[in-house]
DNA sequence: CAGTGGTCTAGACCACACT
DNA sequence: GTGTGGTCTAGACCACTGC
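Here it is, written out as structure tokens:
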């Protein structure tokens with residue numbers, strides 16, 4: 001690890017002058033931010049995989065030639081962003097969608113009373129799964145070029161026998177080469193866990209656009225509701241480590257027995 | 266400030282034994298958590314009001330007889346929860362809904378392209394404002410007893426001339442004694458700012474339950490849509506400092522030109 | 001200039017988990 | 001016991017703000 005770190009004292013003055021001359025913002029980050037970026041790189045490259053133990057704070061401090069406190073602050077931020085998980089007495093682990101207390105980390109749906117766990121696992125039915133060339137809008141959302149290969153998956157989730165979610169999922173063809181309907185259908189457990197273990201793609205964060213729409217004929221049929229029934233439209237873009245979009249998901253949620261829960265602060 | 270703090274070393278051993286004897290969980294928090302609670306108390310009692318400067322880290326360290334680093338960690342958490350705001354070189358300020366970069370902190374609505382600011386301020390029209398006895402469901406949400414006095418407000422928000430949000434707001438009668446339709450109508454600026462300045466009530470966090478519903482006759486009329494049109498139903502409970510519910514808000518959002526934006530991580 | 005928050009260090013000790 | 005993360009301290013220096 002011969003990575004060179006810049007201490008604030010070494011470079012602050014000269015850099016401020018340089019960047020002023022070129023008209024750039026002072027692009028200097030504190031040491032712990034630089035450490036954070038280095039750790040992030042190791043996560044991206046897969047040096048430490050989801051669920052694995054990363055080196056201890058002291059080891060990292062030695063490797064990066066900084067104090068333990070500086071490493072600690074870097075890891076603190078990574079933990080706040082749910083990229084790693086600290087466990088006192090054991091160490092720091094790469095976050096994973098597996099073995100989480102909440103089964104679906106990005107699914108904000110709740111039954112009108114109780115919680116999702118009390119409803120048992122969702123019954124999943126895959127309607128369709130095919131490879132195709134990305135239409136312009138899908139391509140844009142996935143940071144691809146129109147016509148690039150993508151994988152499309154359509155499925156229905158039912159809770160306690162009631163079809164509740166109809167969703168279309170688009171994945172970039174490259175990273176998910178080899179994903180088939182059979183592979184998906186035979187997999188027990190959350191989709192994002194399969195993505196991690198089989199394709200090395202970890203979803204880190206997501207953005208959702210939510211609207212109310214009327215059920216069209218096809219959706220109504222699959223969800224067992226009347227045409228025109230109000231449905232919650234949830235369009236999710238999920239990102240992996242470097243803000244790289246890796247999944248587009250368009251869901252239609254029945255919100256008679258469930259609601260979408262959000263916490264603001 | 267004669268508040269007594271318990272250091273971990275002083276009390277950890279004996280307390281563990283004591284609590285084990287009584288069958289309680291070890292209720293000991295680290296020093297910085299105790300400091301955080303003390304600062305929180307000063308925020309609740311209004312010793313420092315929204316927008317005001319709180320004592321410097323050094324002053325608080327002296328007051329609480331701990332090191333600056335411990336105070337710092339307490340304030341770090343308060344800042345992460347948006348209860349205070351740090352500004353380098355100036356100090357730490359009590360968070361306020363006023364003078365925030367984003368006008369509506371709890372409003373997640375975005376135009377299909379651009380952002381809310383680019384649409385200019387919302388036009389607000391108050392439909393109704395009255396005092397009444399709380400129905401059972403409203404009372405429960407506001408932690409009141411059925412029949413307690415509440416204030417109900419109904420209004421429409423329009424963006425660029427298009428009615429977009431119809432919302433009913435319920436407020437507990439006690440804390441908001443003296444709030445009238447005129448007072449609301451004449452007030453320029455966000456409602457939550459008025460709550461802070463006139464009633465000393467600061468909304469700290471909120472929970473929302475989101476569903477898709479069909480417009481009924483009254484809502485359709487007020488929003489200028491057809492009856493049966495899908496609308497986003499957003500039920501928000503807003504809380505002040507000690508997780509005390511202080512507002513219930515039921516909104517119907519038109520989501521043809523806007524969407525509800527959510528970020529997951 | 002002094003005062004604020006922000007960073008970095010070094011060292012001590014505590015709480016927890018495994019062996 | 002050893003090693004991990006968690007807390008607490010003290011002191012140094014940096015960056016920003018306003019006098």
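Residue numbers (the working numbering), protein chains in the order written: chain A, 1 to 265; chain B, 266 to 530.
Just so you know, even glycine gets a beta-carbon here, dropped at the ideal spot from N, CA and C.
**Asked** Bridge partners of residue 247 (chain A), per DSSP?
**Response** A:238
**Message:** Suppose you measure from the CA of residue 460 (chain B) to the CA of residue 362 (chain B); what does that come to, to the nearest Å?
**Reply:** 10 angstroms
**Item:** Bounding residues of the beta strand (DSSP E) (the contiguous stretch that carries residue 468 (chain B))
**Value:** Taken as a continuous stretch (DSSP letters only), residue 468 (chain B) belongs to no beta strand (DSSP E), as it is neither H nor E.
**Asked** Residues bridged to residue 170 (chain A) by DSSP?
**Response** A:152, A:248
**Request:** Please confirm whether residue 145 (chain A) and residue 168 (chain A) have their CB atoms less than 8 angstroms apart.
**Result:** no
**Asked** At which residues does the alpha helix (DSSP H) containing residue 407 (chain B) begin and terminate?
**Response** Looking at the DSSP string, residue 407 (chain B) is not in any alpha helix (DSSP H), and its letter there is neither H nor E.
**Request:** Can you tell me the Cβ-Cβ gap for residue 519 (chain B) and residue 492 (chain B), rounded? I've got them flagged as a contact below 8 angstroms.
**Result:** Going by Cβ atoms, the distance from residue 519 (chain B) to residue 492 (chain B) rounds to 14 angstroms, so no, they are not a contact pair.
**Prompt:** If we count the other Cβ atoms within 10 Å of its Cβ and call it buried at 16 or more, is residue 22 (chain A) buried or exposed?
**Reply:** Only weak support is given to the placement of residue 22 (chain A): the predicted model assigns it a pLDDT of 43, under 50, and the question is left unresolved by the model.
**Request:** Using a threshold of 8 angstroms, state whether the C-beta atoms of residue 142 (chain A) and residue 223 (chain A) are closer than that.
**Result:** no
**Prompt:** In this structure, what does DSSP give as the bridge partners for residue 519 (chain B)?
**Reply:** Its beta-bridge partners do not exist; DSSP assigns none.
**Residues bridged to residue 175 (chain A) (per DSSP)** = DSSP lists no partner for residue 175 (chain A).
**Any 3 or more C-beta pairs closer than 8 angstroms across the stretch 434 to 450 of chain B and the stretch 459 to 475 of chain B** = yes
**Asked** Can the beta-carbon of residue 344 (chain B) be found less than 8 angstroms from the beta-carbon of residue 352 (chain B)?
**Response** no
**Request:** Can you give me the start and stop residues for the alpha helix (DSSP H) that residue 107 (chain A) sits inside?
**Result:** Residue 107 (chain A) -> no alpha helix (DSSP H), and no H or E assigned at all.
**Prompt:** Does the separation of the CB atoms of residue 295 (chain A) and residue 107 (chain A) fall below 8 angstroms?
**Reply:** The first residue shown for chain A is 1 and the last is 265, placing residue 295 (chain A) beyond what the model contains.
**Prompt:** Does the stretch 60 to 75 of chain A touch the stretch 27 to 47 of chain A, meaning 3 or more C-beta pairs lie closer than 8 angstroms?
**Reply:** yes
**Prompt:** Does residue 476 (chain B) come within less than 8 angstroms of chain A when only Cβ atoms are used?
**Reply:** yes
**Request:** Would you verify that the beta carbon of residue 358 (chain B) is, or is not, closer than 8 angstroms to some beta carbon of chain A?
**Result:** no
**Request:** Express the C-alpha separation of residue 348 (chain B) and residue 509 (chain B) in angstroms, rounding to a whole number.
**Result:** 15 angstroms
**Request:** Note down, in chain order, each residue of its chain lying with its Cβ closer than 6 angstroms to the Cβ of residue 475 (chain B), except the 5 sequence neighbours on either side.
**Result:** 499
**Message:** Against residue 228 (chain A), what residues of chain B qualify as contacts under a CB-to-CB distance less than 9 angstroms, listed in chain order?
**Reply:** 479, 493, 495
**Request:** Determine whether the Cβ of residue 79 (chain A) lies closer than 8 angstroms to any Cβ atom of chain B.
**Result:** no
**Where residue 265 (chain A) meets chain B, residues with beta-carbon distance less than 8 angstroms** = 346, 347, 469, 470, 471
**Message:** Output needed for residue 217 (chain A): all residues of its chain with C-beta closer than 7 angstroms, excluding positions within five of it in sequence on either side, in chain order.
**Reply:** 227
**Message:** Residues in the same chain with beta-carbon distance under 7 angstroms from residue 397 (chain B), minus the five sequence neighbours each way, listed in chain order, please.
**Reply:** 415, 417
**Message:** Among B:435, B:380, B:368, B:327, whose alpha-carbon lies nearest the alpha-carbon of residue 401 (chain B)?
**Reply:** B:435
**Item:** Chain-ordered neighbours of residue 524 (chain B) on chain A, where CB pairs are closer than 7 angstroms
**Value:** 209, 210, 211
**Request:** Counting only the same chain and skipping the five closest in sequence on each side, list residues whose C-beta sits under 6 angstroms from that of residue 458 (chain B).
**Result:** 362, 363
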